[in-house]
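Colleague:
Protein chains: 2
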Amino acid sequence: MITCRATSTARACARTSHSQMHRIQQRTLATVSPSLFPGEPSQPRLITSAIPGPKSKELSDSIGTFQENRAHGFVVDYAKSQGNWIADADGNVLLDMFAQIASIAIGYNNPDLIALAKTDEFITATMNRAALGSFPPTNWQELVETGLGTVKPKGLNNIFTAMCGSCANENAFKASFMAYRARERGEKAKFTPEEMSSCMKNRAPGSPDLSILSFTSAFHGRLFGSLSATRSKAIHKLDIPSFNWPVVEWPNVKYPFSQNARENAQAEKAALARVEEAIVNSKKQGSAYGPVAALIVEPIQSEGGDNHASPAFFQGLREVTKKHGVFMIVDEVQTGVGATGSFWAFDKWELKDAPDFVTFSKKMQAAGFYHNIETRPSMAYRNYNTWMGDPTRTMQARQIIRTIQDHDLVQKTDEVGNYIYSELNEMIVNGAGRGKVETLRGENAGTFIAFDGRTAEVRDELIMQMRKQGVHIGGCGERAVRLRPMLVFEKHHADLFLEKLEKALGQL
Amino acid sequence: MITCRATSTARACARTSHSQMHRIQQRTLATVSPSLFPGEPSQPRLITSAIPGPKSKELSDSIGTFQENRAHGFVVDYAKSQGNWIADADGNVLLDMFAQIASIAIGYNNPDLIALAKTDEFITATMNRAALGSFPPTNWQELVETGLGTVKPKGLNNIFTAMCGSCANENAFKASFMAYRARERGEKAKFTPEEMSSCMKNRAPGSPDLSILSFTSAFHGRLFGSLSATRSKAIHKLDIPSFNWPVVEWPNVKYPFSQNARENAQAEKAALARVEEAIVNSKKQGSAYGPVAALIVEPIQSEGGDNHASPAFFQGLREVTKKHGVFMIVDEVQTGVGATGSFWAFDKWELKDAPDFVTFSKKMQAAGFYHNIETRPSMAYRNYNTWMGDPTRTMQARQIIRTIQDHDLVQKTDEVGNYIYSELNEMIVNGAGRGKVETLRGENAGTFIAFDGRTAEVRDELIMQMRKQGVHIGGCGERAVRLRPMLVFEKHHADLFLEKLEKALGQL
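So the sequences go chain by chain: A and B.
Quick note on our numbering: the first sequence kicks off at 262 and runs consecutively.
Quick note on our numbering: the second sequence kicks off at 262 and runs consecutively.
#1: Is asparagine 308 of chain A near glycine 352 of chain A, with beta carbons less than 7 Å apart?
#2: Tell me whether valine 749 of chain A sits in a helix, a strand or coil according to DSSP, three-state version.
#3: Skipping 5 residues on each side, what residues in its chain have a beta carbon closer than 6 Å to that of alanine 348 of chain B?
#4: Which of helix, strand or coil does DSSP assign to histidine 283 of chain B?
#5: Suppose you measure from the CA of glutamate 521 of chain A to the CA of asparagine 568 of chain A; what does that come to, to the nearest Å?
#6: Could you pull the DSSP bridge partners for tyrosine 516 of chain B from this structure?
#7: Taking its Cβ as the centre, do 16 or more other Cβ atoms sit within 10 Å of arginine 695 of chain A, making it buried, or is it exposed?
#8: Measure the C-alpha to C-alpha separation of alanine 465 of chain A and isoleucine 501 of chain B and round it to an integer number of angstroms.
#9: Buried or exposed, going by whether 16 or more other CB atoms sit within 10 Å of the CB of asparagine 816 of chain A?
#10: Taking only beta-carbon positions, decide if leucine 417 of chain A is within less than 7 Å of chain B.
#11: Does DSSP classify tyrosine 247 of chain B as helix, strand or coil?
#12: Report the three-state DSSP secondary structure of glycine 306 of chain A (helix, strand or coil).
#13: Run down chain B in chain order and give the residues with a C-beta less than 8 Å from the C-beta of isoleucine 420 of chain A.
#14: Could you tell me whether the Cβ of threonine 778 of chain B comes closer than 7 Å to any Cβ of chain A?
#15: Drop a sphere of 10 angstroms on the beta-carbon of threonine 380 of chain B, count the other beta-carbons inside from all chains shown, and report buried for 16 or more, exposed for fewer.
#16: Only counting the same chain, and skipping five residues up and downstream in sequence, which positions put a Cβ closer than 8 Å to that of arginine 715 of chain A?
#17: Please tell me whether asparagine 463 of chain B has its Cβ less than 7 Å away from any Cβ of chain A.
#18: Against proline 512 of chain B, what residues of chain A qualify as contacts under a CB-to-CB distance less than 7 Å, listed in chain order?
#19: So that I know if they touch, is there some Cβ in chain A lying closer than 7 Å to that of alanine 332 of chain B?
#20: Could you give the residue range of the beta strand (DSSP E) that holds threonine 700 of chain A?
#21: Measure the alpha-carbon distance for alanine 755 of chain B versus lysine 494 of chain B and round it to whole angstroms.
#22: Going by DSSP in three states, asparagine 419 of chain B sits in which element: helix, strand or coil?
#23: Any beta carbon of chain B sitting closer than 7 Å to that of serine 364 of chain A?
#24: Anything in the stretch 476 to 499 of chain A with a Cβ closer than 7 Å to a Cβ of chain B? List those residues in chain order, please.
#25: Using a Cβ-Cβ cutoff of 9 Å, what residues of the stretch 363 to 386 of chain A are near chain B? List them in chain order.
#26: Establish whether the CB of arginine 435 of chain B and some CB of chain A are separated by less than 7 Å.
#27: So, at 6 Å on beta carbons, what are the nonlocal neighbours of glycine 707 of chain A in its own chain, with the 5 sequence-adjacent residues on each side left out?
#28: Can you give the beta carbon distance from arginine 720 of chain A to valine 690 of chain A, rounded, assuming they're within the 8 Å contact cut?
#29: Along chain A, in chain order, which residues have C-beta atoms closer than 8 Å to that of aspartate 470 of chain B?
#30: Mind pulling the chain A residues with CB within less than 8 Å of aspartate 338 of chain B?
#31: DSSP on tryptophan 511 of chain A, reduced to helix/strand/coil?
#32: Would you say the beta carbon of glutamine 520 of chain A is closer than 6 Å to some non-hydrogen atom of the ligand GTP?
#33: Within 10 angstroms of its Cβ, does lysine 613 of chain B collect 16 or more other Cβ (buried), or is it exposed?
#34: For asparagine 419 of chain B and arginine 637 of chain B, which I take to be in contact (beta-carbon distance under 8 Å), what is that distance rounded to the nearest angstrom?
#35: Kindly indicate which three-state DSSP category isoleucine 561 of chain A falls into: helix, strand or coil?
#36: I'd like the list of long-range same chain contacts for arginine 306 of chain B, defined as Cβ closer than 6 Å, with 5 residues on each side in sequence excluded.
Shown next as structure tokens:
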């Protein structure tokens, strides 16, 4: 063990002290292709003493005259942003590890995307927006099959395209309810006159009292159906009428998973029992809520605080839902598209039976869900709307997927994530984070990493200190910092982040 | 009166026979600028004996392997579509009077939009999608103020940007509920601990039992909140759980309005009484539904069958809602952006007090709503999501608005619409439509014109016959044909349509 005295060199020391641990990772990292953004800055550029600076504030105020501006972080110069670096209105340039709330996949001004935008095919699709459900373009089949279709989860051959994460989830809810009732009704049975008339009055049996089961701390969106399944924070839900849908407590696990295997297995077993109980109760006479038609779950609860569970837990959920004829919706809106070290986070569960729905949005830029033929509605116009997605974003999704594949970005993210995780672990357990931050999450989860501030105030202060160091990170849950770098985040970015984090922790 | 014997010349005769009526209109029409699309076809091109033709069918079938395809009309070659003309996969070229379900404003491949797509500003915005609520681009204020801001209804200085019509309406519902509760709670009162905890369980008081009032035959979208206010057709609602929200019967008016003034005034008065009763009842103990926080209404019920009411009715709605502290949401998703002969359909009501919300989507390409400061939520993150709209579509909206203004397209649409209306009236009352189609609507409503087939079968057959004539029109309601041409639909297009309609009616 080398003795480290100067704070400024502590990080280098820490890395030396457990160099063995990273040998394999570093060797692998050395083989990846050179940076996708050779002209990226190597250091943050800090022009103003605080961010937002005066120009950001002025522009934000001008927006505030017609629109909510109290959630503004800073105002961005997107033309000057590049790769992992975000430029603001004042000329500050920060390493961006929040990436538009985890929705930029392959870097700002990615040359592949800029080239796509200039193609006639893209311009035609963007400026002649199709009502895709009725008048699809001649290239729609090819576009979907060569894009979204190349990453469809095994067993899910249908693709519903939508507009955003909330509406992806809500349309999956709708498909669940229709398929659930179709099963109850029997394959060839028609709607009854009573169903036809009662639904027009929003009453059963046409508008049945069915429900969606979700977990405490879950976030599934903010429209009326998705918000009814969202249980993240009161501020998201206050004053909004909700469906009386059931909720089950998320397993109370401890981190790191590898050191708490037995207790976590117990906690997950208990949660599975709660899920089964809620489902069974929902079907009893006099239940407080209607029969559960579907369960929705995030592979890692993101907005709710980066809460994890083991593959065994999700395998158990699949078994319980199968057993009771409940559809399983995996909400990959935030976890999908590579950040967890596999294209879909749920790939790591190695399920015997695929989930019924996998929803996506954010980094895919396009939104929607994968499903199978069983949950395709019985008739046209049942799950329909004017646009049924957006060809612009579908085309962008295809390019994002291609760029990810061309540059092995999922594999690379997995490796960089492992590196960050073990460096952070050292920093939190033995280094500058000790006593200030805690509860590291994201073992074997790519760069989908989080840790808690000791208090919410410490977390908020750390985020502000990091911004002063030139690194833009985000929070989630009550006191978590969540890392959401893009898939083009490389080892040298990670080293810069770790260096700045150490300094920021020193300021607390 | 000139005697007309040959069917083929009947249209010309009809026009001559009431030429006086159109003299003023035609004179005005003669002054408008030349066609925006000088290279447009002058006649349909019909390659296949039926539409969809074999290539359309083949492509539709290939889409059907992964996605619902039973609502497909035909598959479109958007690159070859131009102005008012839509080209299909088989090479057929049709006059398009449906316009992607009323969502194309200024023609296929409009040169202004194609030029926009090639600008660096557009490419940057599209390929670096901002989380607008937190990290807006430096040009956001300017972009909104010089685009959506230039058409903001009087008195509504706030703009909420969203993704589609359904989510525009749902976010207006959310804003209504929050503002309603804020008023009940008192301006400076905070959320109670009970509200904070109960909302996490989807229970009152945090998730209050408030409601949205809508009309029979209304269409406001298909997500869970908007669908609960939608009352168009059972197929839109079956099997989907709904909020127990109240519905009031749309006034039972007769057409044309100018000939049924007295009876319609009675019918509208009765409907206003029903609205007031529903609101008053909702606030009583033991009401079947929660207090009405907002009323939502389309200026012309579109999907529900093109049902009109007079300005006096809407003035009455504004009075009743004001009187009882109910927010008024005008859903201009389909009526907005010029097609009714004024930029917003509700401009014609000349309200003393502006509505509280005006929602838009479709032809605007961008979606969202206008409102005022009273309905801006009390805190950040209450009405929020990742994207908060789409800069791409916001920029496109600005160009659409500019092109409309540069070419006086609203005024022109008003004139062309009046021309079509009176020609159609003649054809239905005295001409080829007699006994086959009836109940013309759209007097003084621009090109927002509809009429009924005598039966649903007649309507469906007419739409197919029109397609064989090379004109693409759409249906709505139970047996209506709705005309939804773009704003670049000129008198010569109208004449072609009328000629083809006469022929198609002859085939019935």
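No residue lacks a Cβ here, since even glycine has one placed at the ideal position from N, Cα and C.
Modeller: Short version:
#1: It is worth fixing the name first, because residue 308 of chain A is isoleucine in this sequence and not asparagine. Remark: C-beta atoms of isoleucine 308 of chain A and glycine 352 of chain A approach each other more closely than 7 Å.
#2: Here valine 749 of chain A sits in coil by DSSP.
#3: Excluding residues within five positions, the ones whose Cβ falls inside 6 Å are Asp338, Lys341, Ser342 and Val354.
#4: With a pLDDT of 41 at histidine 283 of chain B, under the threshold of 50, the modelled position of this residue cannot be trusted, and the question is left open.
#5: Note that residue 521 of chain A corresponds to asparagine in the displayed sequence, not to glutamate. Straight-line measurement puts the Cα of asparagine 568 of chain A at about 15 Å from the Cα of asparagine 521 of chain A.
#6: Answer is none; tyrosine 516 of chain B lacks a bridge partner.
#7: By the 10 Å Cβ count, arginine 695 of chain A comes out exposed.
#8: Near 10 Å, if we compare the C-alpha coordinates of isoleucine 501 of chain B and alanine 465 of chain A.
#9: What is shown of chain A runs 262 to 769, which leaves residue 816 of chain A out entirely.
#10: Residue contact check for leucine 417 of chain A against chain B: no CB pair falls below 7 Å.
#11: Only positions 262 to 769 of chain B appear in this structure, which leaves residue 247 of chain B out of reach.
#12: One point to set straight first is that residue 306 of chain A is arginine, not glycine, in the sequence displayed. In the structure shown, arginine 306 of chain A sits in a strand (DSSP, three-state: E or B).
#13: Residues of chain B passing the Cβ test: Phe327 and Gln328.
#14: Residue 778 of chain B falls outside the range modelled here, since chain B spans only 262 to 769, and no answer is possible.
#15: By the 10 Å Cβ count, threonine 380 of chain B comes out exposed.
#16: The residues Gly696, Lys697, Val698, Glu699 and Arg740, in chain order, have a CB closer than 8 Å to that of arginine 715 of chain A in the same chain once the five nearest residues on each side in sequence are set aside.
#17: Among the residues facing chain A, asparagine 463 of chain B is included, as its CB has a counterpart in that chain under 7 Å away.
#18: Neighbours of proline 512 of chain B across chain A, judged by C-beta separation under 7 Å, do not exist; the nearest C-beta is about 18 Å away.
#19: Chain A, which has a Cβ nearer than 7 Å to the Cβ of alanine 332 of chain B, makes this yes.
#20: Element bounds for threonine 700 of chain A: 698 to 702.
#21: Cα to Cα, alanine 755 of chain B sits roughly 31 Å from lysine 494 of chain B.
#22: When DSSP states are grouped into helix, strand and coil, asparagine 419 of chain B belongs to the strand group.
#23: Answer yes: the Cβ-Cβ gap between serine 364 of chain A and chain B drops below 7 Å somewhere.
#24: Those residues of the stretch 476 to 499 of chain A that come within reach of chain B (Cβ to Cβ, closer than 7 Å) are Arg483, Leu484, Phe485, Gly486, Ser489, Arg492, Ala495, Ile496, Lys498 and Leu499.
#25: Listed by position, the residues of the stretch 363 to 386 of chain A near chain B (Cβ gap below 9 Å) are Ala363, Ser364, Ile365, Tyr369, Asn370, Asn371, Leu374, Ile375, Leu377, Ala378, Lys379, Asp381, Glu382, Phe383, Ile384, Thr385 and Ala386.
#26: In the sequence as displayed, the identity of residue 435 of chain B is lysine instead of arginine. At a cut-off of 7 Å, the C-beta of lysine 435 of chain B has a neighbouring C-beta in chain A.
#27: Within the same chain, glycine 707 of chain A has close Cβ partners Ala600, Thr601, Gly602, Thr674, Asp675 and Gly678.
#28: About 18 Å separates the CB atoms of arginine 720 of chain A and valine 690 of chain A; that is not less than 8 Å, and the two are not in contact.
#29: Within chain A, the residues near aspartate 470 of chain B are Pro502.
#30: Pro398 and Thr399, listed in chain order.
#31: The answer is coil: DSSP assigns tryptophan 511 of chain A none of H, G, I, E or B.
#32: Ligands displayed in this structure: none; no statement on the ligand GTP is therefore possible.
#33: Lysine 613 of chain B should be labelled exposed.
#34: That belief holds up - the Cβ atoms of asparagine 419 of chain B and arginine 637 of chain B are roughly 6 Å apart, short of 8 Å.
#35: Isoleucine 561 of chain A falls in the coil class under three-state DSSP.
#36: Take arginine 306 of chain B, set aside five residues on each side of it, and the residues of its chain with a beta-carbon closer than 6 Å to its own are Val354, in chain order.
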